[in-house]
Amino acid sequence: MALELTAAVRSVLAAAGYDTDNGLDLHEHVYGVVVTWPAGSPAGAALGAPPVDADRAARPEVSGGRAGTAGALVAVLKEAGFRAVAHPEGFILVTRSPRPGGA
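Counting in our numbering, the sequence shown runs from 299 upward without gaps.
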């Protein structure tokens with residue numbers, strides 16, 4: 299089941315234009331799939347995070363950039379029907395949403 303969830307998450311993110319070529323990493327976790335991305339990755343830049351080499355005074359705080367990236371990825375995943383929770387340490391935990399009626 300973990301491989302199926304990872305493949306489904308990867309497919310949804312790729313359809314939205316975000317995949318491992320953009321710097322996203324997907325890791326199987328006991329509770330679901332963890333999505334991470336390094337600071338300054340193309341995924342962050344594509345979602346509005348500042349590039350790593352930008353002038354320090356001209357860019358927002360890193361936490362704001364990571365929060366923006368996380369928020370955009372969470373929105374894509376939730377729209378696809380997953381539960382996605384951004385962690386303050388800069389990763390997203392993705393699980394399947396429960397089916398109506400507990401089935």
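No residue lacks a Cβ here, since even glycine has one placed at the ideal position from N, Cα and C.
- Secondary structure note for V328: it is in no alpha helix (DSSP H), with a DSSP letter that is neither H nor E.
- Secondary structure at L301: helix, using DSSP grouped into helix, strand and coil.
- Per the C-alpha coordinates, the member of A314, W335 and V374 positioned closest to D323 is W335.
- Taking the Cα of Y316 as reference, the smallest distance to any Cα among H327, G330 and L375 is reached at L375.
- Within the same chain, A368, V372 and I390 come within 6 Å of A384 by CB-CB distance, once the 5 residues on both sides are set aside.
- Under the three-state reduction of DSSP output, L322 falls in the coil class, being neither helix nor strand.
- Around V331, the same chain offers L303, T304, V307, L324 and V392 as residues with beta carbons nearer than 6 Å, after the five sequence neighbours per side are excluded.
- In the DSSP secondary-structure assignment, T367 is not bridged to any residue.
- Put simply, of D319, R381, H327 and E387 the residue whose alpha carbon is nearest the alpha carbon of S395 is R381.
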